[in-house]
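S.K.:
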Amino acid sequence: MKFSRLFSILLLLIIPFSLNAQLFKGKSKFPKNAEEAAKFEKAEGLFEAKVYNEAIVLYKEMEKDNTDLPILLFRIGVCLLNTPDGIEKSLDYLSKIDMGVYDSENVEYYFARSLHLNSKYEEAIIYFEQFKKNKNGDKKLKELSNTYIQNCKNGMELGKTPLQYLIKNVGAPINTINSEYAPIITSDESQIFYTYRGTKSLGGLHEPVTNPNATLGEHY
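Position 115 (the sequence shown) corresponds to 127 in the numbering used here; numbering is contiguous.
1) Exposed or buried, which one is glutamate 73 when buried takes at least 16 other CB atoms within 10 Å?
2) By DSSP, does proline 43 sit in helix, in strand, or in coil?
3) With DSSP run on the structure shown, which of helix, strand or coil describes glutamate 117?
4) CB-CB under 6 angstroms to asparagine 125, same chain, minus the five flanking residues each way: which ones, in chain order?
5) Assuming the contact rule is C-beta atoms closer than 8 angstroms, glycine 89 and leucine 70 should be a hit. Round their C-beta distance to whole Å, please.
6) I'd like the list of long-range same chain contacts for phenylalanine 15, defined as Cβ closer than 7 angstroms, with 5 residues on each side in sequence excluded.
7) Would you say threonine 95 reaches chain C, if we count a Cβ-Cβ gap shorter than 9 angstroms as a contact?
8) Among the candidates Asn94, Val119, Lys51, Glu60, whose CA atom is the shortest distance from the CA of proline 82?
9) In three-state DSSP terms, what is serine 20?
10) Taking the continuous alpha helix (DSSP H) assigned at isoleucine 88, which residues delimit it?
11) At the level of alpha carbons, what is the spacing between aspartate 200 and proline 174?
12) Mark valine 63 as exposed unless 16 or more other C-beta atoms lie within 10 angstroms of its C-beta, in which case mark it buried.
In structure tokens:
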């Protein structure tokens, strides 16, 4: 009886270690010191709070000495996936992950999503379907996968009869060095309303509540 209980305790201790070994699998030791461990913990907090623009700064600093680390490739890839100008680059990171080794954290879903947003519809469908079969996959993400699979099919169909169009920066006073997007034009075409995120935004620069000492921030 005592032996059985001792075995159970040892097993519980071994399992988390095995999971961590998978997350941090790579050629280099990570984290290599207390400073790097603290930086990773800070980045993880920002990542969980979805403050991707700040989390990625820390992850990329750690990437310099840990270029092959799956957890960093995954985190940076997801951060890029959630930034307007990072979608194309996200595929570079997520495609480097060996999903046969690093198969946690719904990695197939995020890889499929990156393929989808980069218009690689056929490949995206394969990975969405593969993710749906994963017993450990998040249920909500599996439901979203069905929607995105249909979106991919729609994209493939629309791609058969492409339309020619030109995207042009209209310049001042609408376009600036900041972000302007989601325009709506009135029916008589006399007015345009759009979202602006820049230095003249009401409220100024907002720093995330999760990181009050942050030097970065966002305009809303």
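For glycine and all other residues, C-beta sits at the position ideal for the given N, C-alpha and C.
M.R.: Let me spell this out:
1) exposed
2) coil
3) coil
4) According to the sequence shown, residue 125 is arginine rather than asparagine. If we look at arginine 125 and ignore the five residues flanking it on each side, it has no Cβ neighbours.
5) 15 angstroms between Cβ atoms; not a contact.
6) With a pLDDT of 47 at phenylalanine 15, under the threshold of 50, the modelled position of that residue is not reliable, and the figure given next carries that caveat. Closer than 7 angstroms at Cβ, skipping near neighbours: no residue.
7) Here there is only one protein chain, and chain C is not present.
8) Val119
9) A caution first: serine 20 carries a pLDDT of 40, below 50, which makes its placement in the model too unreliable to give a value.
10) 82 to 93
11) 28 angstroms
12) buried
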